[in-house]
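Chemist:
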Amino acid sequence: MSVAGITVALVQAVVVLVGSPLLLGIMRQVRARLEGRAGAGVLQPWRDLRKLMRKQPLTPRGTTEVFRMAPLVLMATTLAVVAVVPFVTTAAVPAAGADLFVVVALLTLGAVALALAGLDTGTAFGGMGASREITILALVEPTLLVGVLALSVPVGSTDLGDIVTSTLRDPGRVITPAHVLAAVALGLAVVAETGRLPVDNPSTHLELTMVHEAMVLEYAGPDLALVELASAMRLTVFLGLWATLFAPWGIAGTTGPGAVALGVAVFAVKVTALGAGLAGAEVFLAKLRLFRTPELLAGSFVLALLAVVASFFFG
Amino acid sequence: MSEALLTQLVGLGAGAVLLTAVLVLWLRELAVVIRVFAAQGVALAGLVAVLAVHEGSGELAVVAVGVLVLRAGLLPHLLRRALSAAEGERRVTRPLVNVAASLLAAAVLTLLALAVSQPLVALAPSPVTAAIPVGMAVVLIGFFVLVTRRRALSQLTGFLLMDNGITAVGFLTGAGVALIVELGVFLDVLLAVLVLGVLTGRMRDVFGRTDLDELRELHD
Chain P
38 MSVAGITVAL
48 VQAVVVLVGS
58 PLLLGIMRQV
68 RARLEGRAGA
78 GVLQPWRDLR
88 KLMRKQPLTP
98 RGTTEVFRMA
108 PLVLMATTLA
118 VVAVVPFVTT
128 AAVPAAGADL
138 FVVVALLTLG
148 AVALALAGLD
158 TGTAFGGMGA
168 SREITILALV
178 EPTLLVGVLA
188 LSVPVGSTDL
198 GDIVTSTLRD
208 PGRVITPAHV
218 LAAVALGLAV
228 VAETGRLPVD
238 NPSTHLELTM
248 VHEAMVLEYA
258 GPDLALVELA
268 SAMRLTVFLG
278 LWATLFAPWG
288 IAGTTGPGAV
298 ALGVAVFAVK
308 VTALGAGLAG
318 AEVFLAKLRL
328 FRTPELLAGS
338 FVLALLAVVA
348 SFFFG
Chain H
101 MSEALLTQLV
111 GLGAGAVLLT
121 AVLVLWLREL
131 AVVIRVFAAQ
141 GVALAGLVAV
151 LAVHEGSGEL
161 AVVAVGVLVL
171 RAGLLPHLLR
181 RALSAAEGER
191 RVTRPLVNVA
201 ASLLAAAVLT
211 LLALAVSQPL
221 VALAPSPVTA
231 AIPVGMAVVL
241 IGFFVLVTRR
251 RALSQLTGFL
261 LMDNGITAVG
271 FLTGAGVALI
281 VELGVFLDVL
291 LAVLVLGVLT
301 GRMRDVFGRT
311 DLDELRELHD
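Respectively, the protein sequence lines represent chains P and H. Residue 352 is where the first sequence ends in our numbering, and the numbering goes up by one at each step. Residue 320 is where the second sequence ends in our numbering, and the numbering goes up by one at each step.
1) Counting Cβ pairs closer than 8 Å, one from the segment 234-241 of chain H and one from the segment 208-221 of chain H, do we hit at least three?
2) Is the segment 218-236 of chain P close to the segment 177-196 of chain P, with three or more CB pairs under 8 Å?
3) Asp237(P) by DSSP, collapsed to three states: which one?
4) Do the segment 132-143 of chain H and the segment 226-235 of chain H make contact, defined as three or more Cβ pairs closer than 8 Å?
5) Excluding five sequence neighbours on each side, which residues of the same chain lie with their C-beta closer than 6 Å to the C-beta of Leu153(P)?
6) Compare the Cα-Cα distances from Val236(P) to each of Leu333(P), Thr281(P), Met90(P) and report the closest residue.
7) I want to know whether the segment 86-102 of chain P touches the segment 67-77 of chain P - three or more CB-CB distances under 8 Å.
8) Tell me the residue span of the alpha helix (DSSP H) that contains Trp286(P).
9) What are the partner residues of Asp196(P), as DSSP defines its beta bridges?
10) With a cut-off of 8 Å, do at least 3 Cβ pairs link the segment 255-264 of chain P to the segment 166-177 of chain P?
11) If you draw a straight line from the alpha carbon of Leu105(H) to that of Met303(H), how long is it in whole angstroms?
12) Note down the Cα distance separating Gly111(H) from Leu261(H), rounded to an integer number of angstroms.
13) Strictly by DSSP, which residues pair up with Thr126(P)?
14) Taking the alpha carbon of Ile212(P) as the reference point, which residue from Val55(P), Ser348(P), Thr145(P) has its own alpha carbon closest?
15) Hey, quick one: how far does the alpha helix (DSSP H) through Lys88(P) stretch, first residue to last?
16) Using the C-alpha atoms, what's the distance from Leu290(H) back to Gly173(H)?
17) Could you list which residues in chain P have their beta carbon closer than 9 Å to that of Thr210(H), in chain order?
18) Give me the residue from Asp305(H), Asp288(H), Gly301(H), Val306(H) with the minimum Cα distance to Arg171(H).
19) Which chain H residues sit within Cβ distance under 9 Å of Phe321(P)?
20) Does DSSP classify Glu255(P) as helix, strand or coil?
21) Could you check which residue in Gly274(H), Phe286(H), Thr257(H) has the C-alpha nearest to that of Val132(H)?
22) Which stretch, first to last residue, makes up the alpha helix (DSSP H) that contains Val55(P)?
23) Look at the Cβ atom of Ala354(P), then the Cβ atom of Ala296(P), and state whether they are nearer than 7 Å.
24) Candidates Gly277(P), Lys92(P), Trp83(P): which alpha carbon is nearest Val121(P)'s?
25) Within the 7 Å Cβ cut-off, does Leu220(H) reach chain P?
26) If you measure from the beta carbon of Gly115(H) to each beta carbon in chain P, is any gap under 7 Å?
27) Check the Cβ-Cβ distances between Leu112(H) and every residue of chain P, and say whether any is below 7 Å.
28) Thinking just about the alpha-carbon of each residue, which of Pro331(P), Asp196(P), Lys324(P) is nearest to the one in Pro123(P)?
29) What number of angstroms, rounded off, separates the C-alpha of Gly336(P) from the C-alpha of Phe244(H)?
30) Using a Cβ-Cβ distance cut-off of 7 Å, determine whether Leu203(H) contacts chain P.
31) Using a C-beta to C-beta distance shorter than 9 Å, which residues of chain H count as neighbours of Pro191(P)?
32) I'd like to know whether the C-beta of Val306(H) is nearer than 7 Å to at least one C-beta of chain P.
33) If the criterion is Cβ atoms closer than 7 Å, does the pair Thr248(H) and Pro195(H) meet it?
34) Is it a yes or a no for the segment 106-119 of chain P touching the segment 139-154 of chain P, going by three-plus beta-carbon pairs under 8 Å?
35) Going along the chain, which residues of the segment 230-263 of chain H sit with their C-beta nearer than 7 Å to a C-beta in chain P?
36) Which whole-angstrom value is the C-beta distance of Leu54(P) and Leu218(P), which I expect to be below 8 Å?
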């Protein structure tokens with residue numbers, strides 16, 4: 038990996054690290070405004086994180102290393118993904134690691150670590166949240182992998198850099214049936230994976246409905262801050278991945294400072310627009326009953342499968 | 101029209117037809133299903149219009165307009181009228197197979213359609229005939245809706261879905277169906293929907309609802 042590659046990876050990591058709580062703040066602000074509330078401001082997630090960071094680290098009695106390692110694993114896998122994905126420029130993608138299957142596996146590894154931590158606490162809520170999370174994860178996984186396959190068939194490679202470069206070279210591909218179907222399928226998968234409505238309600242602490250919040254209920258202080266930050270980063274990464282795959286315009290082809298700065302600006306605009314759109318749509322949605330979630334995810338799986346079929350038959 | 105553009109337009113039209121067929125299986129509310137069905141009519145008319153421009157045939161253009169009027173206007177209108185007459189009855193479908201399973205069945209049916217229509221595509225490989233499997237898949241999905249739904253109106257949707265699929269296959273095979281035959285088929289479908297609409301109304305008058313399972317037992 039060249040010096041330029043390392044610099045770009047660092048830039049991406051810093052942008053996502055600093056930007057993801059802001060994205061969360063913007064999404065909450067959009068929701069608040071649409072619901073007629075004043076909102077806590079865009080900076081509120083960062084203020085929460087600062088408050089949590091200053092607190093004393095505390096772990097519940099009876100928990101093991103699994104509980105302590107989970108936030109680190111979550112953070113490390115997310116950072117690894119941020120470093121290799123061509124969010125800003127396609128010129129600095131490492132030869133190995135930017136494979137879509139690797140990216141999906143890394144992101145899933147973080148989710149599994151958190152689910153194990155939920156089980157490790159031995160509380161009812163932790164176990165319930167972990168069980169629900171794994172159920173959803175097991176249903177999302179096929180969609181993600183089949184959708185990835187649909188995108189890689191026309192390119193002949195699952196390397197993210199190759200997919201983005203070839204889409205940039207041939208913009209007409211974005212409106213082929215395979216691409217449109219895969220976009221819808223992966224969009225649903227992203228919503229489910231990041232725990233947004235209608236699969237999970239990110240703003241609730243009501244025990245009957247929560248999935249993600251139930252797993253992290255026992256975390257406190259800096260550990261909680263790490264989990265919250267990593268979750269916000271996961272949201273940014275998923276939205277960024279979606280934007281990179283289906284709207285790759287503005288991604289630089291070189292590693293010059295100007296090109297990278299432009300790439301960062303375009304990436305920020307795209308992810309913010311997607312996040313604001315998601316938050317706006319959430320105002321009009323109610324959470325699905327947990328038993329109806331498989332229907333939604335089966336639908337997204339069928340769309341992904343149809344995308345593969347279409348990519349084989351209409352190129 | 102260039103080959104690449106034709107491929108893309110046919111692909112888009114076929115994709116929209118298939119997507120709407122899957123949505124009919126996915127959604128529960130009948131009013132929304134009817135709207136999706138109308139959207140499928142528009143996609144089908146678009147597909148026929150693309151073929152008309154490609155072949156430079158005025159006859160096909162007339163048929164495309166006919167498809168648009170009948171399948172995106174008249175039939176959804178009739179369905180909607182039958183639905184609004186069904187006041188008091190629950191307006192959601194009650195499938196025999198749950199939605200997740202029927203969506204997976206749709207995936208299997210699509211693959212089956214691909215396998216079955218391979219020889220048909222191989223007869224005259226072109227961007228247009230490449231979309232035949234989609235038409236087949238819509239026929240199979242329509243049939244699946246027909247056999248797994250309980251209420252008369254949902255079954256009617258399945259029947260119309262199947263007919264859309266048959267129409268799509270007919271145009272995509274490029275057999276050059278004569279205008280008069282096509283018009284005859286249009287009238288047939290319209291008549292079938294009108295008769296079934298009346299039948300549904302009579303059933304509701306006699307039994308109070310249109311659950312076809314009720315028809316298994318004999319009454320005095």
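Just so it is clear, CB atoms sit at the ideal spot from N, CA and C, and this is done for glycine as well. Values in this document were obtained by computation on a predicted structure and should not be read as measured data.
Modeler: Let's see:
1) Contact between the segment 234-241 of chain H and the segment 208-221 of chain H is present, because at least three Cβ pairs lie under 8 Å.
2) Yes, they touch.
3) In the structure shown, Asp237(P) sits in coil (DSSP, three-state: anything other than H, G, I, E or B).
4) Segments in contact, no.
5) Only Val103 meet the Cβ criterion.
6) Measuring from the Cα of Val236(P), the nearest candidate turns out to be Leu333(P).
7) Too few Cβ pairs lie closer than 8 Å, so no.
8) Note, Trp286(P): premise wrong, no alpha helix (DSSP H); not H, not E.
9) DSSP, once it has assigned bridges, lists Asp136(P) as partnering Asp196(P).
10) No, because fewer than three Cβ pairs between the segment 255-264 of chain P and the segment 166-177 of chain P fall closer than 8 Å, the two stretches do not touch.
11) The straight-line gap from Cα to Cα measures roughly 49 Å.
12) The alpha-carbon atoms of Gly111(H) and Leu261(H) are separated by roughly 19 Å.
13) Beta-bridge pairing links Thr126(P) to Ala289(P).
14) Answer by Cα proximity: Ser348(P).
15) From DSSP, the alpha helix (DSSP H) with Lys88(P) extends over 81-91.
16) One C-alpha to the other measures close to 12 Å.
17) Simply Val339, Leu342, Leu343, Val346.
18) Of the candidates Asp305(H), Asp288(H), Gly301(H), Val306(H), the one whose C-alpha sits nearest the C-alpha of Arg171(H) is Asp288(H).
19) Within chain H, no residue has its CB atom less than 9 Å from the CB of Phe321(P), the nearest being about 15 Å off.
20) If DSSP states are grouped into helix, strand and coil, Glu255(P) belongs with coil.
21) Checked all of Gly274(H), Phe286(H), Thr257(H); the closest Cα to Val132(H) is Thr257(H).
22) Note, Val55(P): alpha helix (DSSP H), 40-71.
23) The structure shown does not extend to residue 354(P), since chain P spans only 38 to 352, so no value can be given for it.
24) Closest option to Val121(P), Cα to Cα, is Gly277(P).
25) Not closer than 7 Å to any Cβ of chain P, the Cβ of Leu220(H) fails to qualify, so no.
26) When Cβ-Cβ separations below 7 Å define contact, Gly115(H) makes contact with chain P.
27) It does: the Cβ of Leu112(H) has a partner Cβ on chain P nearer than 7 Å.
28) Selected option, being the one with the closest Cα: Asp196(P).
29) Separation of Gly336(P) and Phe244(H) (C-alpha to C-alpha, rounded to the nearest whole angstrom) is 16 Å.
30) Cβ-Cβ to chain P under 7 Å: yes for Leu203(H).
31) From the beta-carbon of Pro191(P), no residue of chain H is found nearer than 9 Å; the closest lies around 12 Å away.
32) Not flagged as an interface residue toward chain P: Val306(H), since no C-beta distance is shorter than 7 Å.
33) Their beta carbons are under 7 Å apart, which means Thr248(H) touches Pro195(H) by this criterion.
34) With the rule of 3 Cβ pairs closer than 8 Å, the segment 106-119 of chain P counts as touching the segment 139-154 of chain P.
35) Going along the segment 230-263 of chain H in chain order, one finds Ala230, Pro233 with a Cβ nearer than 7 Å to chain P.
36) For Leu54(P) against Leu218(P), the beta-carbon gap comes to about 33 Å, at or over 8 Å, which does not count as contact.
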